[in-house]
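**Student:**
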Amino acid sequence: MTLRLYDTLTRAKRDFVPVDPARVTMYVCGPTVYNYAHIGNARPVVVFDVVFRLLRRLYGADHVLYAANVTDVDDKINLKAAQEGVAIGVITERYLAAYHADMAALGALPVTFEPRATQTMDAIIAMIERLIAAGAAYAAEGHVLFDTQSYADYGKLSGRSLDDMIAGARVEVAPYKRHPADFVLWKPSKENEPVWESPFGPGRPGWHIECSAMIEQTLGLPIDIHGGGNDLIFPHHENEMAQGVCADGHTATYANYWLHNGFLNLGTQKMSKSLGNVQLVHDLVRSARPEALRWALLSSHYRQPLAWTNDVIAQAKGALDTLYGALLRATDVEATDCEPSEAFLDAVMDDLNTPKANAELFALAKLLETGAAHDRAAAKGQLLAGGALVGLLQGSPKAWFQGAADGDLTEKVEALIADRIAARAAKDWARADAIRGELTALNVEVMDSASGATWKLRETAV
RNA sequence: GGCCUGGUGGCGGAGUGGUUACGCAGCGGACUGCAAAUCCGUGUACCCGAGUUCGAAUCUCGGCCAGGCCUCCA
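Count the first sequence with our numbering and you get residues 9 to 470, in order.
Set out below in structure tokens:
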């Protein structure tokens, strides 16, 4: 069974072969920390977290290096800092902490490296110097620009030619550019903006160079997998690749597999900060089950657009109710076969077909509900192992249903249920129903079974 | 204007040249003292038109619709 991944550069699903199985590398463009992350920002985080988990399974946890950068200097951060009258570090620390908390709530594992732009300045400057020396960049009016015409493959990733770019240019072209597509590597800082000394004059780096320098510094070329949202294909990843390859003297490819996730739509449009139609993870993890959010993000294929609605979250919660319900009723079953089932692995290995993998989870849950003892034990092991591979179903089933109940309520409910069991044993149906009424008033639903009674807290929200 | 996706049952969503996933919700039944949960069963699904084919929702062409990128953006 081989992992197959869809590569944007070759536009094909290809078998994944790492450069070095003992050192598998992955880089994903991380956040610019000037605000809370929205659920659209979380999609790549969750998707590539699944890739990360899968690679760790295939090559060993110690053999996979995952880097995600933090952009901690840019115009929006500067603006926010100026508005609040604080240093940019105050802004970036605040929102980076929130980002970490939000992504952890969604079940994302910590990445191996989290380089920051402000701490990579030497490498960025050194890379720009190499690009100039290689004839791939030029200085002009205090800026340093990448010379797109010097790189024959420019446009290959996004599938557009330099001519297309001129035809499609919607931006005014700065007069000092040799070609309209040339982009900034270094630019002078405006007044009151953070500034770094460099051989090209005081200033700050362009956005694209940051990622190239970080990849080179933390992972080294070529990396196996480069990921991000599909809006980054052009210009960001196109430019990154051009910089990386040219600075490297064209000796290595930049990334062997380019993975891009589709967007989250809110209504008919993509969710984006500039459109203002965002739902913050920070808020969602409080109004909905974080695990349901993760399920919802994985409920469609990662390259497809996902229409984000309350219904999607509610359906995700319903699906997890079914799965956790099966596990709750199987508390006494000792799990065996603690590996994902073959069908589950097949689905995940086929370019991360998580919807198909989820279907397999339901098949296992059914087996767990209805199978013979031996099959139930295996199904439970496979269900939990499959869940672990995609970062789901790892909580206790009891906590899933009763999680929001505090100790006092739990004690009260348990006492009422004990009374009701006694009443039922005495066939005192009136009393049993009266107690159920009390439980209902507490927002508690009781479920009788042959082996006793369990209960769950009814959700007031999704 | 250039480049690129996608249109599947009430909703979400895989997939495939012929056997028509899966989930959520609904309905019928079983079980239950009654419920809930569970189990069993159930629904004329594949945007339109033409073509290729013994056979297309799946391939080709055309059209319509929706969205993305070309500018900061996951």
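Positions of the beta carbon are idealized from the N, C-alpha and C atoms, including for glycine.
Predicted model, so just to flag it, every value in this text is computed and none were measured.
What does the Cβ neighbour count give for P39, buried or exposed, with the cut at 16 atoms within 10 Å?
**Tutor:** Here residue 39 corresponds to residue number 31 of the first sequence, with the count starting at 1. When all chains shown are included, P39 counts as buried.
**Student:** My output table needs one value for F121: the three-state DSSP class, helix, strand or coil.
**Tutor:** Position 113 of the first sequence, counting from 1, holds the residue named residue 121. Of the three classes helix, strand and coil, the one that applies to F121 here is strand, per DSSP.
**Student:** Please report how far the alpha carbon of L153 lies from the alpha carbon of F191, in whole angstroms.
**Tutor:** On the first sequence, position 145 is the one that residue 153 refers to. On the first sequence, position 183 is the one that residue 191 refers to. Looking at the two C-alpha atoms, the distance is approximately 5 Å.
**Student:** Report buried or exposed for M249, applying the criterion of at least 16 other Cβ atoms within 10 angstroms of its Cβ.
**Tutor:** Taking the first sequence and counting its residues from 1, one reaches residue 249 at position 241. By the neighbour-count rule (16 or more Cβ atoms within 10 Å), M249 is buried.
**Student:** Cβ atoms of H234 and Y35: under 8 Å apart, would you say?
**Tutor:** Position 27 of the first sequence, counting from 1, holds the residue named residue 35. Position 226 of the first sequence, counting from 1, holds the residue named residue 234. Yes; because the gap between Cβ atoms is below 8 Å, this pair is in contact.
**Student:** Where R311 and V25 are concerned, what is the direct C-alpha to C-alpha distance, given to the nearest angstrom?
**Tutor:** Position 303 of the first sequence, counted from the first residue, corresponds to residue 311. Position 17 of the first sequence, counted from the first residue, corresponds to residue 25. Straight-line Cα distance between these residues: approximately 21 Å.
**Student:** Going by the beta-carbon positions, is the gap between V119 and A76 smaller than 8 Å?
**Tutor:** In the first sequence, the residue the question calls residue 119 occupies position 111. In the first sequence, the residue the question calls residue 76 occupies position 68. Contact flag set, yes.
**Student:** Between the alpha carbons of L360 and L13, how many angstroms are there, rounded?
**Tutor:** Stepping through the first sequence from its first residue, residue 360 is reached at position 352. Stepping through the first sequence from its first residue, residue 13 is reached at position 5. Approximately 8 Å between the Cα atoms of the pair.
**Student:** Could you have a look at Y159 and say whether DSSP puts it in helix, strand or coil?
**Tutor:** Reading the first sequence from its first residue, position 151 is the one you call residue 159. Three-state DSSP puts Y159 in coil, outside helix and strand.
**Student:** Using 8 Å for Cβ pairs, my map puts L139 next to A145. What's the rounded Cβ distance?
**Tutor:** Walking along the first sequence from the start, residue 139 turns up at place 131. Walking along the first sequence from the start, residue 145 turns up at place 137. 4 Å between Cβ atoms; contact.
**Student:** If you reduce the DSSP assignment to three classes, tell me which class G237 lands in.
**Tutor:** Here the question's residue 237 lines up with position 229 in the first sequence. DSSP places G237 in strand when its eight states are reduced to three.
**Student:** Give the range of the beta strand (DSSP E) segment to which H151 is assigned.
**Tutor:** As a working mapping, residue 151 is identified with position 143 in the first sequence. Unbroken beta strand (DSSP E) run through H151: 151 to 154.
**Student:** Please state if the CB of A189 and the CB of L165 are separated by a distance shorter than 8 Å.
**Tutor:** As a working note, residue 165 is residue 157 in the first sequence. As a working note, residue 189 is residue 181 in the first sequence. For L165 and A189, no; Cβs fall outside 8 Å.
**Student:** What is the DSSP secondary structure of M279, reduced to helix, strand or coil?
**Tutor:** For the purposes of this step, residue 279 is identified with residue 271 of the first sequence, where counting begins at 1. In the structure shown, M279 sits in coil (DSSP, three-state: anything other than H, G, I, E or B).
**Student:** My understanding is that N238 touches N273, with C-beta atoms under 8 Å, so please give their C-beta distance in whole angstroms.
**Tutor:** To locate residue 238, count along the first sequence from 1; it is residue 230. To locate residue 273, count along the first sequence from 1; it is residue 265. The pair is not a contact, with the Cβ atoms about 13 Å apart (cut-off 8 Å).
**Student:** For A469, collect the residues of the same chain with a Cβ closer than 6 Å to its Cβ; drop the 5 residues on either side in sequence, then sort them by chain order.
**Tutor:** For the purposes of this step, residue 469 is identified with residue 461 of the first sequence, where counting begins at 1. Caution is warranted here: a pLDDT of 45 is assigned to A469, below 50, making its placement in the model unreliable, and the coordinate value is therefore given only provisionally. Hits under 6 Å: S295.
**Student:** What's the gap between the Cα of K364 and the Cα of F208?
**Tutor:** On the first sequence, residue 364 is found 356 positions in, with the first residue counted as 1. On the first sequence, residue 208 is found 200 positions in, with the first residue counted as 1. Straight-line Cα distance between these residues: approximately 53 Å.
**Student:** For W437, which of helix, strand or coil comes out of DSSP?
**Tutor:** Against the first sequence, residue 437 aligns to sequence position 429. If DSSP states are grouped into helix, strand and coil, W437 belongs with the helices.
**Student:** In this structure, does DSSP put S308 in helix, strand or coil?
**Tutor:** Counting from one through the first sequence, the residue named residue 308 turns up at place 300. Coil.
**Student:** Which runs of the beta strand (DSSP E) spanning at least 3 residues fall entirely within the region 386 to 412, listed in chain order?
**Tutor:** The region 386 to 412 contains no whole beta strand (DSSP E) run of 3 or more residues.
**Student:** Among all the DSSP beta bridges, which residues are the ones paired with G211?
**Tutor:** Along the first sequence, one-based indexing puts residue 211 at 203. In the DSSP output, where bridge partners are listed per residue, G211 has W204.
**Student:** Going by DSSP in three states, W463 sits in which element: helix, strand or coil?
**Tutor:** One-based indexing of the first sequence puts residue 463 at position 455. W463: strand per DSSP, three-state reduction.
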